[in-house]
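Residue numbers (our numbering): 26 to 228. Here the structure is laid out as structure tokens; the discussion comes afterwards.
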């Protein structure tokens, strides 16, 4: 059953992406704001390798004599090395940074919010988080987590263009712009090439 709650704030306009000069409304995230799904890659990798280890331990009593110690050292070492390689390849902890700051949340807005902005760079892309302190500010929930990838077959520029259309917060777009192909700091080429070659070497 749907319940309607009265609010003292006026309802949003039908077109939330209008610019201030035309519609007197600031750009905002169009539609319901969805957080980027939690990255479960590491959990999957750990689960697979732990399952393999448990399976080997179950069949270990079938190995007799001194060979049992040799096999357990060999299998555990191999599983550990494989898990580490996959975890490094798919995680986003290559370069990590976070800062707490007061910043504008929307373009052309003079209202500032207190927030923590985080940046996680992996071999396959960059993950940007924005968490308001407190989360609820200016009648909005400041909790964003957006990933921009540059793996083979994926286009970072298209993802950035879609983020602009959706109207993601200014700090997220500002950082994402730094990693675009024609970004002012040239980070895209450095991190993308390094990520591709490092990932290829790991494979």
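We put the beta carbon where it would ideally sit given N, CA and C, even for glycine.
Straight through space, the alpha carbons of residue 135 and residue 71 are spaced by roughly 46 Å.
Residue pairing by DSSP places residue 153 opposite 144 and 171 in a beta bridge.
CA-to-CA, the gap between residue 226 and residue 202 works out to about 28 Å.
By the Cβ test, the segment 163 to 172 is not in contact with the segment 98 to 106, since fewer than three Cβ pairs between them sit closer than 8 Å. Using a Cβ distance threshold of 8 Å, residue 118 and residue 90 do not count as a contacting pair.
Under the three-state reduction of DSSP output, residue 179 falls in the coil class, being neither helix nor strand. A residue is called buried once 16 or more other Cβ atoms fall within 10 Å of its Cβ, and residue 152 is buried on that count. In the structure shown, residue 138 adopts extended strand secondary structure according to DSSP, grouped into three states. Membership of residue 225 in any beta strand (DSSP E) is not indicated; the residue belongs instead to the alpha helix (DSSP H) covering 212 to 227. By the Cβ neighbour-count rule, residue 140 is buried, with 16 or more other Cβ atoms within 10 Å of its own.
A contact between stretches requires three or more CB pairs, one per stretch, nearer than 8 Å, and the segment 124 to 132 meets this requirement with the segment 189 to 199. Rounded to the nearest angstrom, the Cβ distance from residue 205 to residue 185 is 5 Å, consistent with a contact under 8 Å. In the three-state reduction of the DSSP assignment, residue 114 falls in the helix class, which pools H, G and I.
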